[in-house]
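Single-structure report; data block below.
So this is what it looks like as structure tokens:
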């Protein structure tokens, strides 16, 4: 009946949580006590709940009992299956409270929120750069350390990014370009990590290229370069027919049509 009445008589003495059943309170108390009575028989990991142990054990046994009804993929736990199913259904339950963007994963929403708040929790210890994603920080750190952990098995070349090694390997194998980088939000595929990273910023809203003269920020460096011309007044695209110059190549092309039209009229 407590399900219907909402009654929760079992109150935690350490926090404000309350429960309908005593065993639920007992499980919850392990968070405060640090007790983890469920030990993995394959490794030294321990867990507060038996269900978490069972899910973990499948990483050792390879068991994947949860099958997607839309495709032939299988999973070791229901949470991963649920996230995967959103690829097929298009469901995005995690809505940003600052804009109209929505996400399939709560973790992606949290990262996106940082775009609005300006939070960049991952700081480089070698310079003043900070990042929204730890993976971006890891890649950045290799600039300072000079680390190139990805070795070609055919020659002596080494690379900072796995995607660069993958592209290089095609020189040796002759493989046709593949698109191994798949967006979890819209299923677009990319053949290299740099294009994939730029694309993901559409979903996360991340704009890492900040103008030093105003508050504008951009997804791509080239967009920042074009924007900076507003402040500097630079017009690198010079018309070959007259003395006009333009900030953008597209504006020069449009302008050139005037000269082409003049030539046609003279003929």
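Numbering (the UniProt record's numbering), first residue to last: 1 to 267. Ideal Cβ placement from N, Cα and C applies to all residues, glycine included.
Taking 6 Å as the limit between beta carbons, can you name the residues of its chain near residue i, skipping five residues before and five after?
i	result
residue 30	48
residue 213	231
residue 86	104
residue 114	132
residue 201	219
residue 142	160
Tell me which same chain residues have a C-beta within less than 7 Å of the C-beta of residue i, skipping the five on either side of it?
i	result
residue 140	124, 129, 131
residue 154	172
residue 83	104, 105
residue 109	94, 96, 103
residue 78	66
On the CB-based measure, 16 or more other CB atoms within 10 Å of its CB, does residue i come out buried or exposed?
i	result
residue 173	exposed
residue 181	buried
residue 215	exposed
residue 185	buried
residue 93	exposed
residue 260	exposed
residue 231	exposed
residue 16	exposed
residue 208	buried
residue 221	exposed
residue 35	exposed
residue 101	buried
residue 206	buried
Note down, in chain order, each residue of its chain lying with its Cβ closer than 8 Å to the Cβ of residue i, except the 5 sequence neighbours on either side.
i	result
residue 40	46, 47, 53, 56, 57, 60
residue 8	2, 18, 19, 20
residue 88	68, 70, 71
residue 50	38
residue 10	18, 19, 20, 21, 22, 24, 25
residue 27	48, 49
residue 227	211, 216, 218
residue 152	158, 159, 165, 168, 169, 172
Could you round the C-beta distance between residue i and residue j to whole angstroms and report it? I think they count as a contact, below 8 Å.
i	j	result
residue 204	residue 116	About 11 Å; that fails the 8 Å criterion.
residue 137	residue 150	No, residue 137 and residue 150 are not in contact; Cβ-Cβ is about 18 Å, not under 8 Å.
residue 163	residue 194	7 Å
residue 235	residue 247	5 Å
residue 252	residue 239	6 Å
When DSSP builds the beta bridges, which residues end up paired with residue i?
i	result
residue 245	238
residue 123	130
residue 11	18
residue 74	67
residue 102	95
Kindly indicate if chain D contains any beta-carbon less than 8 Å away from that of residue i.
i	result
residue 89	No chain D is present in this structure, which holds just one protein chain.
Quick check for students: name the residue ranges of the beta strand (DSSP E) that lie wholly in the UniProt domain "C2H2-type" (150 to 177), counting only runs of 3 or more. Along the UniProt domain "C2H2-type" (150 to 177), the beta strand (DSSP E) does not occur as any fully enclosed run of 3 or more residues.
Exercise for the section: For the stretch 178 to 219, list the beta strand (DSSP E) runs that are entirely contained and at least 3 residues long, ordered along the chain. Expected result: none
In the UniProt domain "C2H2-type" (38 to 65), which residue ranges form an unbroken alpha helix (DSSP H) of at least 4 residues, counting only runs that do not cross its ends? 50 to 61
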